[in-house]
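In the working numbering, the protein residues as written are 32 to 169. Yeah, the Cβ is synthetic: ideal placement off N, Cα and C, and Gly gets one too. Before any comments, here is the structure.
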Amino acid sequence: MRTRGAVLLANIITGLALGYTVANIGFGDYGELNRMFTFQDLRMFLAFAGAVVIIAVAFALLRVRRTPGRIHAGVIPGAVLFGTGWAISGGCPAIPIVQVASGYLPALVTIAGVVVGIRLCRWANARYFHLDRGSCGL
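Pasting the structure below:
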């Protein structure tokens, strides 16, 4: 039987290992990510693509099946905003945490932007859009 402490410890160890790996391959470096997004250096792009292939193979071997769901009106604009924010800030919402841990304090501005964006999204959805949140947990 798993205890909460054991699960928490496993999550902390896994998170530290992932953060260490992400930082060391360059995903925490804005310059590296900028070169990836502008196709000036394909090393990062190929590392990301390789990770996607590995997880796709693992899911196929483990027979993981996605439950079919519907796409609501907020998915496409949300994806565009997410991608734009990723390109501007130099990482997905987890990368600024790695950047702060590496001593890059300007990433705190990105973290604040993520928090403000989540709160604005919740407010706008409740007031104007009333979109089904599905599994995204708005």
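So Val106 and Pro124 are in contact, right, with Cβ under 8 angstroms, and what is the actual spacing, rounded? Here residue 106 is taken as the residue at index 75 of the sequence shown, counted from 1. Here residue 124 is taken as the residue at index 93 of the sequence shown, counted from 1. Contact doesn't hold; Cβ gap of about 17 angstroms is too wide.
Is it buried or exposed, Gln130, if we count other Cβ atoms within 10 angstroms and call 16 or more buried? In the sequence shown, counting from the first residue as 1, residue 130 sits at position 99. Gln130 comes out buried.
Which whole-angstrom value describes the C-beta separation of Gly121 and Tyr61, a residue pair presumed to lie in contact below a C-beta threshold of 8 angstroms? As a first step, residue 121 is located in the sequence shown; it is residue number 90 there, counting from the start. As a first step, residue 61 is located in the sequence shown; it is residue number 30 there, counting from the start. At roughly 4 angstroms, the Cβ-Cβ gap stays under 8 angstroms, so Gly121 and Tyr61 are in contact.
Rounding to the nearest angstrom, what Cα-Cα distance links Ala87 and Val53 in this structure? Here the question's residue 87 lines up with position 56 in the sequence shown. Here the question's residue 53 lines up with position 22 in the sequence shown. Each residue's Cα considered, the two are about 19 angstroms apart.
What residue does the alpha helix (DSSP H) around Pro124 start on, and which one ends it? Residue numbering aside, residue 124 sits at position 93 when the sequence shown is read from its first letter. Counting along the chain, Pro124 falls outside any alpha helix (DSSP H), and DSSP gives it neither H nor E.
Assigned exposure category for Ala138 - 16 Cβ within 10 Å defines buried: Your numbering for residue 138 matches position 107 in the sequence shown. The residue is buried, with at least 16 neighbouring Cβ atoms inside 10 Å.
Bounding residues of the alpha helix (DSSP H) (the contiguous stretch that carries Phe68): The residue you call residue 68 lines up with position 37 of the sequence shown. Counting along the chain, the alpha helix (DSSP H) containing Phe68 begins and ends at Tyr61 to Phe68.
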